[in-house]
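Residue numbers (the numbering used here), protein chains in the order written: chain A, 1 to 306; chain B, 307 to 387.
Every residue gets a Cβ at the ideal spot worked out from N, C-alpha and C, and that includes glycine.
Let me begin by presenting the structure, written as structure tokens, before commenting on it.
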Amino acid sequence: MASLKSLKIKIHSYKKTGTVTKAMQAVSAVKMRKAQERALSGRAYAATSLSILQRLSGTSDVKRHALLQTKTGKTCFVIITSDKGLAGSLNSAVIRKAEAEILRLNLNKGDVVIIGVGRRGAEYFASRGYEVKMKFENVADGVSEEEMRMVTDKVLNWHEEGEISTCIVAYTNFISTFEQEPVVRQIVPIAPEMFSLLVKNIRPAKGKYSPIPVEEKISAPSVYTIEPDADSVLRILLPKLLNIAVFHAHIESKASEHSARMVAMKSATDKANEMASTYTRTFNKVRQAAITREVSEITSGIEAMK
Amino acid sequence: MQKTFHLVISSVGETYFDGQAVSATLPGSDGELTVLPNHEPFVTALKNGTITVRLPAGETKTFKTENGILEFSGNRAVVLL
Numbered sequence: 001m002a003s004l005k006s007l008k009i010k011i012h013s014y015k016k017t018g019t020v021t022k023a024m025q026a027v028s029a030v031k032m033r034k035a036q037e038r039a040l041s042g043r044a045y046a047a048t049s050l051s052i053l054q055r056l057s058g059t060s061d062v063k064r065h066a067l068l069q070t071k072t073g074k075t076c077f078v079i080i081t082s083d084k085g086l087a088g089s090l091n092s093a094v095i096r097k098a099e100a101e102i103l104r105l106n107l108n109k110g111d112v113v114i115i116g117v118g119r120r121g122a123e124y125f126a127s128r129g130y131e132v133k134m135k136f137e138n139v140a141d142g143v144s145e146e147e148m149r150m151v152t153d154k155v156l157n158w159h160e161e162g163e164i165s166t167c168i169v170a171y172t173n174f175i176s177t178f179e180q181e182p183v184v185r186q187i188v189p190i191a192p193e194m195f196s197l198l199v200k201n202i203r204p205a206k207g208k209y210s211p212i213p214v215e216e217k218i219s220a221p222s223v224y225t226i227e228p229d230a231d232s233v234l235r236i237l238l239p240k241l242l243n244i245a246v247f248h249a250h251i252e253s254k255a256s257e258h259s260a261r262m263v264a265m266k267s268a269t270d271k272a273n274e275m276a277s278t279y280t281r282t283f284n285k286v287r288q289a290a291i292t293r294e295v296s297e298i299t300s301g302i303e304a305m306k
Numbered sequence: 307m308q309k310t311f312h313l314v315i316s317s318v319g320e321t322y323f324d325g326q327a328v329s330a331t332l333p334g335s336d337g338e339l340t341v342l343p344n345h346e347p348f349v350t351a352l353k354n355g356t357i358t359v360r361l362p363a364g365e366t367k368t369f370k371t372e373n374g375i376l377e378f379s380g381n382r383a384v385v386l387l
């Protein structure tokens, strides 16, 4: 049986691990809440831009706009993962989903360009011979709009130059603290239906932020003046919509990351506590055995002396 | 009572203004324009410049804009920055 000293060391290290994972759990919980709040703050914005697009979509100019048309060229994947691990199957789920999409679309490695947001995804695809054109690491939890605009601008640029035809975002959708779902979504060419789905999904299905206030419903007036013309409004509006899509994908991923990590850390804490108590029990048994042995040695010594 | 309209000025991640306003002067792509309550529904592109908002209390507030869009419908104006 193990020595008392080695058991003591083990118990101590399990307890310490438990303390660390518990702290990480608490940190993730706070970060998760912040990310959720941020996801909601952009909702009114997204809803308004969508309603403008819907109203404009009746005019013929919309259909002629380049961003709404299919071209030939490479496919760009924006892979949104976390920089750090310890978040369960979060990152691998996104990567698997993206790979499945590449297979489904029957694309060769040469037809795909990757924009990696978060280290995990970028590293994975880079090591498998995909062309990683852009990489973002250490993206703050707040997710600055400028950083996301860099992604959007690049995508728009490539699309304009004819380098890419399609852009797909792979990220994790936040459903609830215990449930996250990896999704792939095509953002270029722009499909209005996709965006209405996106706006609807901004709010998590369950929890504090789930009910949708009535005032946010989109109302469409019958008469509508567009100044100076639909084309120039669209030129500004469509990149904004794209920006929203990327931004929200990111925010959702952040909320998912933190909740996945929180859950992972919770089970790690539970396991550490369980191990510590198992070893404490062994420790007590070993100690008691040693005492019993000593006592019986003493008493048998006394008996022999009689 | 003074007539007002609901004005929201927001960017993707942040809302800069959300409340009642008496009027707002914006840099439209065809020149400066001022919107008042009960304006007809319209959408316009904005140039770079400043937005001046007059509040019911008599104060004014200014915001910077870059490539924005203004939408007015149902006595509610939304500026997307």
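Rounded to whole angstroms, what is the Cα-Cα separation between residue i and residue j?
i: THR358/B; j: VAL384/B; result: 14 Å
i: SER300/A; j: ILE291/A; result: 14 Å
i: ASP83/A; j: GLU346/B; result: 49 Å
i: VAL233/A; j: LEU53/A; result: 9 Å
i: GLY118/A; j: VAL328/B; result: 45 Å
i: THR75/A; j: GLY85/A; result: 27 Å
i: MET134/A; j: GLN180/A; result: 26 Å
i: PHE323/B; j: TRP158/A; result: 34 Å
i: GLU216/A; j: TYR279/A; result: Annotation note: pLDDT 45 at GLU216/A (below 50); position unreliable, coordinate value reported separately. Between GLU216/A and TYR279/A, the C-alpha separation is close to 56 Å.
i: LEU332/B; j: GLU147/A; result: 27 Å
i: TYR171/A; j: PHE283/A; result: 47 Å
i: THR21/A; j: SER28/A; result: 10 Å
i: LYS208/A; j: ALA35/A; result: Because the pLDDT at LYS208/A is just 48, under 50, the model does not fix this residue reliably, and the value given afterwards should be weighed accordingly. Spanning the two alpha carbons is a distance of roughly 13 Å.
i: MET150/A; j: LYS240/A; result: 12 Å
i: SER6/A; j: TYR14/A; result: 12 Å
i: ILE212/A; j: GLU252/A; result: Its pLDDT being 45, under 50, ILE212/A is placed unreliably by the model, and the measurement read from it follows with that caveat. Distance between the alpha carbons of ILE212/A and GLU252/A is about 17 Å.
i: ALA26/A; j: LYS271/A; result: 17 Å
Give the interface partners of residue i over in chain A, defined as CB-CB distance under 9 Å, in chain order.
i: GLY334/B; result: GLU227 and PRO228
Thinking residue i and residue j are a contact (beta carbons under 8 Å), I'd like their distance in whole angstroms, please.
i: LEU352/B; j: ILE315/B; result: No, LEU352/B and ILE315/B are not in contact; Cβ-Cβ is about 11 Å, not under 8 Å.
i: SER335/B; j: PRO228/A; result: 6 Å
i: ALA124/A; j: VAL112/A; result: With the sequence shown as reference, residue 124/A is identified as Tyr, and Ala is not the correct amino acid for it. Not really, about 13 Å apart at Cβ, beyond 8 Å.
Tell me whether the beta-carbon of residue i lies closer than 7 Å to the beta-carbon of residue j.
i: ASN373/B; j: ILE236/A; result: yes
i: THR81/A; j: ARG120/A; result: yes
i: ILE11/A; j: ALA249/A; result: no
i: ALA122/A; j: ARG261/A; result: no
i: MET32/A; j: ALA255/A; result: yes
i: ARG382/B; j: HIS312/B; result: yes
i: LEU386/B; j: SER259/A; result: no
i: ALA46/A; j: ILE190/A; result: no
Please compile the residues from chain A whose C-beta is within a distance smaller than 7 Å of the C-beta of residue i.
i: ASN373/B; result: ILE236
i: LEU272/B; result: In the structure as shown, chain B starts at 307 and stops at 387, and residue 272/B therefore has no counterpart that could be examined.
Under DSSP, the alpha helix (DSSP H) around residue i begins and ends at which residues?
i: VAL295/A; result: 230-305
i: ASN173/A; result: It is not in any alpha helix (DSSP H) - ASN173/A instead sits in the beta strand (DSSP E) that spans 164-176.
Against residue i, what residues of chain B qualify as contacts under a CB-to-CB distance less than 9 Å, listed in chain order?
i: GLU145/A; result: SER317, VAL318, GLY319 and GLU320
i: ILE52/A; result: VAL349, ILE375, GLU377, VAL384 and LEU386
Residues of chain A with a CB under 8 Å from the CB of residue i: which are they?
i: THR350/B; result: ILE226, GLU227, PRO228 and VAL233
Give the interface partners of residue i over in chain B, defined as CB-CB distance under 8 Å, in chain order.
i: ILE244/A; result: VAL318
i: SER49/A; result: ILE375 and LEU386
So residue i is in the beta strand (DSSP E); what residue range does that whole segment cover?
i: ILE400/B; result: Here chain B has residues from 307 to 387 only, and residue 400/B is not among them.
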